[in-house]
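Notes follow once the structure below has been shown.
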Amino acid sequence: MTKRVAILISGGGSNMVALARSMTRDHPARPCLVVSNVPDVAGLERAEALGIPTDCVDHRQFNGDRVAFEAALQSALVEHTPDILCLAGFMRILTAEFVTQWDGRMLNIHPSLLPKYKGLNTHARAIEAGDTEAGCTVHEVTPELDDGPILGQARVPILPGDTPDTLAGRILPLEHQLYPAVLRRYAAGDRTPVHLPS
Ligand code: GAR
Numbered sequence: 276m277t278k279r280v281a282i283l284i285s286g287g288g289s290n291m292v293a294l295a296r297s298m299t300r301d302h303p304a305r306p307c308l309v310v311s312n313v314p315d316v317a318g319l320e321r322a323e324a325l326g327i328p329t330d331c332v333d334h335r336q337f338n339g340d341r342v343a344f345e346a347a348l349q350s351a352l353v354e355h356t357p358d359i360l361c362l363a364g365f366m367r368i369l370t371a372e373f374v375t376q377w378d379g380r381m382l383n384i385h386p387s388l389l390p391k392y393k394g395l396n397t398h399a400r401a402i403e404a405g406d407t408e409a410g411c412t413v414h415e416v417t418p419e420l421d422d423g424p425i426l427g428q429a430r431v432p433i434l435p436g437d438t439p440d441t442l443a444g445r446i447l448p449l450e451h452q453l454y455p456a457v458l459r460r461y462a463a464g465d466r467t468p469v470h471l472p473s
């Protein structure tokens with residue numbers, strides 16, 4: 276049966292667009308909702324243009340009450356009965372309680388070669404460390420931040436003179452290839468990791 280995918284965003288939503296566009300024809304999933312925790316972001320407009328239902332649960336309206344924010348997020352999600360959640364540039368840390376509700380059904384894309392550089396400023400940290408390669412990772416979400424089983428990675432060399440921006444500019448297009456490739460497998464029940472370039 277076709278899986279229903281909800282995509283969570285906080286900004287521009289380029290990964291969301293790549294995921295949504297991939298779910299056509301014989302793909303085992305379809306997008307059912309795009310939800311943002313930030314109002315008026317470009318990603319919401321882009322989702323609407325793609326004909327996907329959208330919602331916004333603005334975390335700032337909950338004044339730091341994570342439990343109340345997540346309860347609102349959960350009700351927005353369950354209304355659309357998703358089978359899979361894809362975090363795509365979703366910049367809120369989720370509690371263990373929330374994550375556990377979606378155990379084995381939630382993916383995230385992170386702009387580093389995990390387990391290196393969990394958290395923020397990944398490209399700057401890779402350059403500062405003198406690494407020779409960087410990349411991105413799609414993983415299953417578990418309660419610990421950026422830590423779940425790895426379902427795919429894409430790598431690029433770090434070039435002399437790279438800045439966090441130039442590196443991000445080379446990695447983002449790979450994110451757009453990797454995430455759809457992983458989701459396609461995952462939605463079909465296949466957790467074999469994807470490696471790009473193959
Ligand atoms: C992407 O690079 C994604 O990997 C990163 O945010 C960007 C979102 O771009 N995610 C994280 O840093 C999560 N910790 P997008 O909104 O254009 O997809």
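The numbering of the sequence shown is our numbering, which starts it at 276 and goes up by one. Glycine included, each C-beta is placed from N, C-alpha and C at the ideal position. Predicted, not measured: the structure shown is a model, and the values here were computed from it.
TODO: Please name the residue in H355, P357, G364, D358 whose C-alpha comes closest to that of A317.
DONE: Of H355, P357, G364, D358, the residue nearest in Cα terms is G364.
Open item on the list: Can you tell me whether S291 sits near the ligand GAR, meaning its C-beta is under 7 Å from at least one heavy atom of the ligand?
Closed with: First, the amino acid is wrong: residue 291 is Met here, not Ser. Proximity of the beta carbon of M291 to the ligand GAR is indicated: a heavy atom of the ligand is located closer than 7 Å.
Open item on the list: Helix, strand or coil, according to DSSP, for G318 in the structure here?
Closed with: Helix at G318.
Task: M291: first and last residue of the uninterrupted alpha helix (DSSP H) it sits in - done: Here the alpha helix (DSSP H) through M291 covers 289-297.
Open item on the list: At a threshold of 7 Å, does A363 count as lining the ligand GAR (C-beta to nearest heavy atom)?
Closed with: Yes, since a heavy atom of the ligand GAR falls inside the 7 Å radius drawn around the Cβ of A363.
Task: A347 (DSSP reduced to helix, strand or coil) - done: Note: A347 maps to helix in three-state DSSP.
Task: Buried versus exposed call for S350 [16 or more other C-beta atoms within 10 Å across all chains shown] - done: S350 should be labelled exposed.
TODO: Drop a sphere of 10 angstroms on the beta-carbon of R296, count the other beta-carbons inside from all chains shown, and report buried for 16 or more, exposed for fewer.
DONE: In this structure R296 is exposed. Its beta-carbon is surrounded by fewer than 16 other beta-carbon atoms within 10 angstroms.
Task: Pick from L447, R335, M298, C307 that is closest to L352, judged by C-alpha positions - done: Comparing Cα-Cα distances from L352 to each of L447, R335, M298, C307, the minimum goes to C307.
- [ ] Pick out whichever of E419, V313, N312, T438 has its Cα sitting closest to the Cα of L374.
- [x] It should be noted that the sequence gives Val, not Leu, for residue 374. Cα-wise, what sits closest to V374 is E419.
TODO: List the residues that DSSP assigns as beta-bridge partners of S311.
DONE: According to DSSP, S311 bridges with I284, C331.
Task: Outcome for G288 when other beta-carbon atoms lying within 10 angstroms are tallied against a minimum of 16 - done: Label assigned to G288: buried.
TODO: Within its chain, find whatever has a CB closer than 8 Å to the CB of V431; leave out the 5 residues flanking it on each side and keep chain order.
DONE: Closer than 8 Å at Cβ, skipping near neighbours: E408, A409, G410, L442, R445, I446, L449.
TODO: Pick out the complete beta strand (DSSP E) segments inside the region 422-462, 3 residues or longer, and give them in chain order.
DONE: Here the runs fully enclosed are 425-432.
Open item on the list: In chain order, what are the residue ranges of uninterrupted beta strand (DSSP E) at least 3 long that sit wholly in the region 366-390?
Closed with: Qualifying beta strand (DSSP E) stretches, in chain order: 381-385.
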